[in-house]
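*Asks:* Mapping to full-length UniProt numbering: the first sequence position 99 is 99, numbers consecutive.
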Amino acid sequence: MIDYARPYETPNMCDLYYPPASPAPARLDDFQVFKKGTASHIYGNYYSNPTYDTYGEPELDNTVNIYHNLVSCREYHRDDWKYKIVIDWNENDTVSWLVDAAQCMGLSEYDIPFQNFNINGIELRNMKREDILQRMAHPNIDPSTSRRIADSIFEKLHSRLNEELRQSSIFRYAEGDPYAHHEPTVLDLDSLDHKNRLYHSDYTPNDATLLHHADSSDDTEDVFPSASSPDCSYGSDGSKSGDEDDKRKIFKRPPGRPKGSGRKTFKRPRSVSVPEFLRNLLLDSQYCPSIIKWEDHTQGKFRFVKPDEVAKLWGKMKQNDNMTFEKFSRAMRYHYRQSVLVSVPTARLVYQFGHKGPDFKTDNPNFIKVKTELMDIKEMAYP
DNA sequence: CTTCTATTTCCTGCTT
DNA sequence: TAAGCAGGAAATAGAA
Numbered sequence: 001m002i003d004y005a006r007p008y009e010t011p012n013m014c015d016l017y018y019p020p021a022s023p024a025p026a027r028l029d030d031f032q033v034f035k036k037g038t039a040s041h042i043y044g045n046y047y048s049n050p051t052y053d054t055y056g057e058p059e060l061d062n063t064v065n066i067y068h069n070l071v072s073c074r075e076y077h078r079d080d081w082k083y084k085i086v087i088d089w090n091e092n093d094t095v096s097w098l099v100d101a102a103q104c105m106g107l108s109e110y111d112i113p114f115q116n117f118n119i120n121g122i123e124l125r126n127m128k129r130e131d132i133l134q135r136m137a138h139p140n141i142d143p144s145t146s147r148r149i150a151d152s153i154f155e156k157l158h159s160r161l162n163e164e165l166r167q168s169s170i171f172r173y174a175e176g177d178p179y180a181h182h183e184p185t186v187l188d189l190d191s192l193d194h195k196n197r198l199y200h201s202d203y204t205p206n207d208a209t210l211l212h213h214a215d216s217s218d219d220t221e222d223v224f225p226s227a228s229s230p231d232c233s234y235g236s237d238g239s240k241s242g243d244e245d246d247k248r249k250i251f252k253r254p255p256g257r258p259k260g261s262g263r264k265t266f267k268r269p270r271s272v273s274v275p276e277f278l279r280n281l282l283l284d285s286q287y288c289p290s291i292i293k294w295e296d297h298t299q300g301k302f303r304f305v306k307p308d309e310v311a312k313l314w315g316k317m318k319q320n321d322n323m324t325f326e327k328f329s330r331a332m333r334y335h336y337r338q339s340v341l342v343s344v345p346t347a348r349l350v351y352q353f354g355h356k357g358p359d360f361k362t363d364n365p366n367f368i369k370v371k372t373e374l375m376d377i378k379e380m381a382y383p
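#1: Please report the straight-line C-alpha distance between W89 and H158, rounded to a whole angstrom.
#2: Between the alpha carbons of F277 and V95, how many angstroms are there, rounded?
#3: Here's the rule I'm using: 16 or more other beta-carbon atoms within 10 Å means buried, otherwise exposed. How should P345 be labelled?
#4: Please determine if the stretch 308–317 and the stretch 335–344 are in contact, where contact requires at least 3 C-beta pairs separated by less than 8 Å.
#5: Can you tell me whether H355 is buried or exposed, with buried defined as 16 or more other CB within 10 angstroms of its CB?
#6: Please list, in chain order, all residues of the same chain as K306 whose beta carbon is under 6 Å from its beta carbon, the five residues on each side excluded.
#7: Give the secondary structure of I292 by DSSP, where H, G and I count as helix, E and B as strand, and everything else as coil.
#8: Out of V310, L283 and N126, which one is the CA nearest neighbour of P358?
#9: Go to residue 438, then tell me how far its beta strand (DSSP E) extends in each direction, as first and last residue.
#10: In the DSSP assignment, what residue or residues form a beta bridge with Q352?
#11: What residue range is occupied by the uninterrupted alpha helix (DSSP H) comprising L313?
#12: In the DSSP assignment, find the unbroken alpha helix (DSSP H) run with T94 in it and report its ends.
#13: Excluding the 5 residues preceding and the 5 following F304 in the sequence, name in chain order all residues of the same chain whose CB lies nearer than 7 Å to its CB.
#14: Alpha carbon to alpha carbon, what distance is there between I149 and P113?
#15: Nearest to F367 by CA position, among S152, H297 and N322, is which residue?
#16: Taking just the CA atoms, how far does V99 sit from F360?
#17: Please name the residue, chosen from L107, G106 and I122, that lies closest to E91 on a Cα-to-Cα basis.
#18: Return the CA-CA distance between A101 and R129, expressed in angstroms with no decimal places.
#19: Taking the CB atoms as reference points, tell me whether S153 and I119 lie closer together than 8 Å.
#20: For D111, tell me which candidate among S146, R160 and F325 has the shortest Cα-Cα distance.
#21: Among the candidates D321, S329 and R160, whose CA atom is the shortest distance from the CA of Y351?
#22: Using only the alpha-carbon positions, how far apart do E326 and I87 sit?
#23: With a CB to CB cut of under 6 Å and the five nearest residues on each side skipped, what residues in its chain are close to S229?
Rendered as structure tokens:
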């Protein structure tokens, strides 16, 4: 069962990075804690990092002693950020990434004021070099060192962002971009399926007909033609027309997922769930508010502007040309039981994330600010 | 291999 | 009448 609420039960990692109100624990105690194996066996031991020995033991001050607090937190999932795209990072992911980057660069825990990076991935992505430098500044750290670290962190961040962009460009509309007003015309399914995106380098979308042949052993019993077959009595939009009712009596598709629709030639992690997919659409200016938009962001209420387009995107991501809004909405309704989604009875095409729904936090729902700024620019250009 | 979750497909009945 | 909604039933893929 997916428990979307779980992340909120864990403490904010950055809270742990602030120095404790009581006197800081002695370093020796921390070593003893590690020796007892209370946390280091789970989270690793920073002190096992050989680079640490090259640094002197600084005084514990009010900066931060993040590693000490980090390793004592049992709920910490230090690798989560690796399996998300940057814009999906929460505050913990950002700091975890920074910790990792610091370790890779051979820095000590005193070189970076981690508490200044208690920000989500969207905010991090939007930061300029100078913004990072500003947050990197600390009275106990030499300014030139801060500048050097800030530069390295900035480069590291953009190296990752570029890699995400490169990999996301694998998916493109072959038949033309239905959202042509967006630039570039990339169907960024990776951002909608972020758990899979890191594995795309060895993955190409299946050609259904190729799959049919390659999997012939499995298909010997498949008397129901797939969507790619010319005998299929269903249109790509799942509609049934005219005398197709007669064909349906002969070629009635059985319920359930079509055989061979899975991907068998490679191993991928679980794809995003329907609620996560919706959340990702809503947080992406390429799809929100053009095909789906927030009705009331504070309540998690959203509206399908083009339900069929959303369903097609879902189908595209799942390599299922037969996906329809009717079927997609059925998948949505299964999430009522767990309060991941909640129905909004009065309005059509309006749904709501429940209290166990995914994190949909954004400071700019429907990208209104961006639009306003664009309008301002246009007004300045064409008064 | 079994069990479980998350769909996918089809369907009936109801509401707008 | 069409579109959307609610939810049962059966089936599958993939993960545990």
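Heads up, the beta-carbon is just placed ideally off N, CA and C, and yes, glycines get one too.
*Replies:* According to the structure shown:
#1: Distance between the alpha carbons of W89 and H158: 15 Å.
#2: A straight line joining the alpha-carbon of F277 with that of V95 spans about 25 Å.
#3: Flag for P345 reads exposed.
#4: In short, these stretches do not touch, since the Cβ pair count stays below three.
#5: That one is exposed.
#6: Answer for K306: I291, listed in chain order.
#7: If DSSP states are grouped into helix, strand and coil, I292 belongs with the strands.
#8: The residue with the shortest Cα to Cα distance from P358 is L283.
#9: Nothing about residue 438 can be read from this structure; the chain reaches only from 1 to 383.
#10: According to DSSP, which records beta bridges pairwise, Q352 is partnered with K301 and V342.
#11: First-last of the alpha helix (DSSP H) with L313: P307 to M317.
#12: Where T94 is concerned, the enclosing alpha helix (DSSP H) stretches over E91 to C104.
#13: The residues I292, V310 and L349, in chain order, have a CB closer than 7 Å to that of F304 in the same chain once the five nearest residues on each side in sequence are set aside.
#14: Using only the alpha carbons, I get a separation of about 11 Å.
#15: That would be H297, whose Cα lies nearest to the Cα of F367.
#16: Roughly 25 Å between the two C-alpha positions.
#17: Comparing C-alpha distances from E91 to each of L107, G106 and I122 shows the shortest one belongs to I122.
#18: Each residue's Cα considered, the two are about 16 Å apart.
#19: Checking the sequence shown, residue 153 turns out to be Ile, not Ser. No Cβ-Cβ contact shorter than 8 Å links I153 with I119.
#20: With respect to the C-alpha of D111, the residue from S146, R160 and F325 having the closest C-alpha is S146.
#21: Cα-wise, what sits closest to Y351 is S329.
#22: Between the C-alpha atoms of E326 and I87 there is a straight-line separation of about 30 Å.
#23: Because the pLDDT at S229 is just 33, under 50, the model does not fix this residue reliably, and the value given afterwards should be weighed accordingly. Excluding sequence neighbours, S229 sits near nothing in its chain.
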